[in-house]
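See structure below.
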Amino acid sequence: MKITTKQIQYGTDIHTCKNCEHKFTGKACNMCGEKVFDPHQLTTKHFFHEVIDFFYHFESKVLKTIKLNFLKPGFITLQNIKGIRVPYAKPVQLYLVVAFVFYVIVSKVGVKDYIPTFGDHHYFSLSDYKLLQWAQPLDDKIAANIDSLWVKKGRVMQAEIEEKLRYNSVNQQSLILKSRDRQDSIVLPVENVPIIAYRQMVELRQSLYNHSIGTFGKTFIFILLPIFAAFLFLIFFKKIQYYGAALILATHFMIYNLCVYSLYTLIDLWPRYLFKGFKGWVLRPFDAVLYNETMAPISEALFGSGFEFFHLLFWMPWLYIAFKRLFNTVWWKNIILSYLLSRVFFYLIFGVLKKVLIAFTVYNMHL
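Each residue of the sequence shown is one higher than the one before, counting from 1 in my numbering.
Here's what the structure looks like:
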């Protein structure tokens with residue numbers, strides 16, 4: 001059937017946008033997106049309907065995007081690059097939701113892989129890789145500087161605590177220590193002030209570190225995305241026109257990583273949390289096959305430690321499929337690129353990010 005212009009119905013109502021004052025027809029302004037206002041929208045019923053509708057669509061979008069990002073690596077990135085974005089959650093929006101769930105899980109279980117304890121800066125160094133053993137002096141210097149910063153911060157705290165204790169002393173010869181409820185006290189010689197101050201400093205310094213590291217860790221891992229995106233952009237610069245496309249791919253990859261590690265934490269490490277002394281069982285078969293006395297030298301040369309191998313185990317397939325879908329890379333190049341980028345990303349997280357995070361946290365600790 002042939003459709004004539006007489007049969008086509010056009011919207012005849014012309015609205016003036018209350019936001020930008022643009023004249024338009026339809027239900028929303030084609031300049032700023034502001035919808036036509038109806039007094040009915042002020043009713044209680046409409047308010048709760050919008051709240052329910054928001055969470056329903058938000059949840060469906062998020063779960064749908066996570067599922068596709070998990071099962072079809074690179075697909076959501078490709079859709080974003082093509083401009084098909086309405087059916088899916090936005091990359092940053094999705095990252096924030098997944099990161100929130102991730103940190104709730106790891107904090108409840110007590111996993112410190114992404115929230116490092118002090119001392120982790122001595123591990124996963126550049127010189128751990130055999131081809132980069134020449135970097136040993138640099139690694140030692142970085143670790144020594146962080147240790148030195150830790151000691152200096154402790155001395156500053158101890159001096160401040162000593163000053164407060166002496167200020168509250170009865171005289172120059174004795175010191176009164178009171179309990180929190182101020183119903184009990186003890187008088188000590190003032191010569192004991194440095195010892196008391198040191199003990200308080202040790203507890204306070206660790207407490208401040210534990211309190212700050214989680215907050216900074218959640219921020220710094222997000223900052224890592226532009227760095228990894230830069231590697232992707234440099235490698236595929238002939239096929240990626242804009243750095244933003246590489247940033248979207250890096251974000252979707254990180255979302256996948258956080259999802260998988262959350263599942264791993266629940267499956268493998270939760271029993272360790274419930275049953276003291278129970279060790280994770282997921283990696284045991286790989287340790288038995290690849291990290292026994294015979295195979296360990298070869299496996300460590302190819303995949304690093306067992307902890308690094310575990311990450312390569314689920315990073316490489318995702319990157320391989322994503323690169324194939326996005327760039328149609330030759331299979332052997334794809335394997336090499338997936339392998340190298342997985343190892344680079346591992347070092348960025350556990351080699352670079354942890355050291356920077358620990359140093360930044362210690363530097364910003366204050367009484």
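Think of the CB as a built atom: it goes at the ideal place given N, C-alpha and C, for glycine as much as any other residue.
Whole-angstrom C-beta distance between residue j and residue i, which should lie under 8 Å
i: proline 326; j: leucine 78; result: One point to set straight first is that residue 326 is leucine, not proline, in the sequence displayed. That pair is a contact at about 6 Å.
i: phenylalanine 216; j: leucine 357; result: 6 Å
i: serine 299; j: leucine 290; result: 4 Å
i: tyrosine 103; j: lysine 218; result: 6 Å
i: tyrosine 242; j: alanine 229; result: With a Cβ gap of about 11 Å, tyrosine 242 and alanine 229 do not count as contacting.
Euclidean distance between Cα positions of residue i and residue j
i: proline 91; j: threonine 251; result: 6 Å
i: tyrosine 368; j: isoleucine 335; result: Only positions 1 to 367 of the chain appear in this structure, which leaves residue 368 out of reach.
i: glutamine 136; j: serine 127; result: 5 Å
i: glycine 11; j: isoleucine 81; result: Any answer about glycine 11 is weak, because its pLDDT of 49 lies below 50 and its placement is not dependable; what the coordinates show is given next. The alpha-carbon atoms of glycine 11 and isoleucine 81 are separated by roughly 32 Å.
i: glutamate 34; j: lysine 23; result: 12 Å
i: leucine 370; j: phenylalanine 100; result: The question about residue 370 has no answer here: the residues shown for the chain are numbered 1 through 367.
i: lysine 18; j: cysteine 29; result: 9 Å
i: glutamate 59; j: isoleucine 195; result: 55 Å
i: lysine 141; j: glutamate 203; result: 27 Å
i: asparagine 145; j: serine 338; result: 34 Å
i: leucine 165; j: valine 193; result: 7 Å
i: glutamine 206; j: lysine 238; result: 49 Å
i: isoleucine 66; j: isoleucine 76; result: 9 Å
i: leucine 247; j: phenylalanine 233; result: 8 Å
i: glutamate 162; j: isoleucine 213; result: 26 Å
i: asparagine 370; j: lysine 153; result: Residue 370 lies beyond the residue range present for the chain, which begins at 1 and ends at 367; the question has no answer from this structure.
i: valine 344; j: cysteine 32; result: 42 Å
i: glutamate 308; j: lysine 61; result: 32 Å
i: proline 285; j: arginine 155; result: 47 Å
i: valine 362; j: glutamine 158; result: 15 Å
i: glutamate 21; j: lysine 64; result: 37 Å
i: methionine 295; j: leucine 224; result: 33 Å
i: tryptophan 281; j: alanine 322; result: 29 Å
i: leucine 96; j: threonine 25; result: 36 Å
i: alanine 245; j: isoleucine 84; result: 13 Å
i: valine 151; j: histidine 211; result: 18 Å
i: threonine 5; j: lysine 324; result: In this prediction, threonine 5 scores a pLDDT of 45, lower than 50, which makes its location untrustworthy; the coordinate-derived value is nonetheless stated afterwards. Approximately 46 Å, taken between the alpha carbons.
i: valine 111; j: valine 36; result: 50 Å
i: valine 109; j: aspartate 147; result: 28 Å
i: glutamine 7; j: tryptophan 318; result: Per-residue confidence for glutamine 7 stands at a pLDDT of 47, beneath the threshold of 50, marking its modelled position as unreliable; the derived number appears in the next sentence. If you take the alpha carbons of glutamine 7 and tryptophan 318, they lie about 51 Å apart.
i: alanine 288; j: glutamine 200; result: 45 Å
i: asparagine 292; j: leucine 283; result: 13 Å
i: glutamate 160; j: proline 297; result: 50 Å
i: leucine 132; j: leucine 302; result: 14 Å
i: phenylalanine 220; j: aspartate 13; result: 51 Å
i: glutamine 9; j: aspartate 38; result: Since pLDDT at glutamine 9 reaches only 48, below the 50 mark, its modelled position is unreliable, and the value read off the structure follows with that caveat. Each residue's alpha carbon lies about 23 Å from the other.
i: isoleucine 3; j: threonine 329; result: Note that isoleucine 3 scores a pLDDT of 44, beneath 50, so its modelled location is shaky and nothing firm can be said.
i: alanine 143; j: tryptophan 134; result: 16 Å
First and last residue of the uninterrupted beta strand (DSSP E) at residue i
i: phenylalanine 24; result: 23–25
i: histidine 397; result: The structure shown has nothing for residue 397, since the chain only spans 1 to 367.
i: isoleucine 358; result: Careful: isoleucine 358 lies outside any beta strand (DSSP E), inside the alpha helix (DSSP H) at 354–363.
i: isoleucine 267; result: Segment: none, isoleucine 267 is in no beta strand (DSSP E) and carries neither H nor E.
i: histidine 15; result: 14–16
Check whether residue i and residue j have beta carbons under 9 Å apart
i: isoleucine 255; j: valine 98; result: yes
i: proline 73; j: lysine 354; result: no
i: valine 106; j: tyrosine 261; result: yes
i: tryptophan 331; j: phenylalanine 253; result: no
i: leucine 149; j: histidine 366; result: no
i: leucine 68; j: tyrosine 88; result: yes
i: lysine 310; j: tyrosine 264; result: Correcting the residue type first, residue 310 is phenylalanine in the shown sequence and not lysine. Against a cut-off of 9 Å, the Cβ pair of tyrosine 264 and phenylalanine 310 comes out as a contact.
i: glycine 306; j: phenylalanine 346; result: no
i: isoleucine 235; j: leucine 341; result: yes
i: phenylalanine 118; j: glycine 351; result: no
i: tyrosine 114; j: isoleucine 349; result: yes
i: alanine 359; j: histidine 15; result: no
Chain B within 9 Å of residue i, Cβ atoms only
i: tyrosine 347; result: Of the chains in the structure shown, none is chain B; there is only one protein chain.
Unbroken alpha helix (DSSP H) run spanning residue i, endpoints
i: threonine 77; result: 75–82
i: threonine 215; result: 193–235
i: threonine 294; result: Threonine 294 -> no alpha helix (DSSP H), and no H or E assigned at all.
i: isoleucine 105; result: 91–109
i: alanine 288; result: 284–290
> Along the chain, which unbroken stretches of the alpha helix (DSSP H) at least 4 residues long are found entirely within the stretch 323–351?
Replying inline: 331–347
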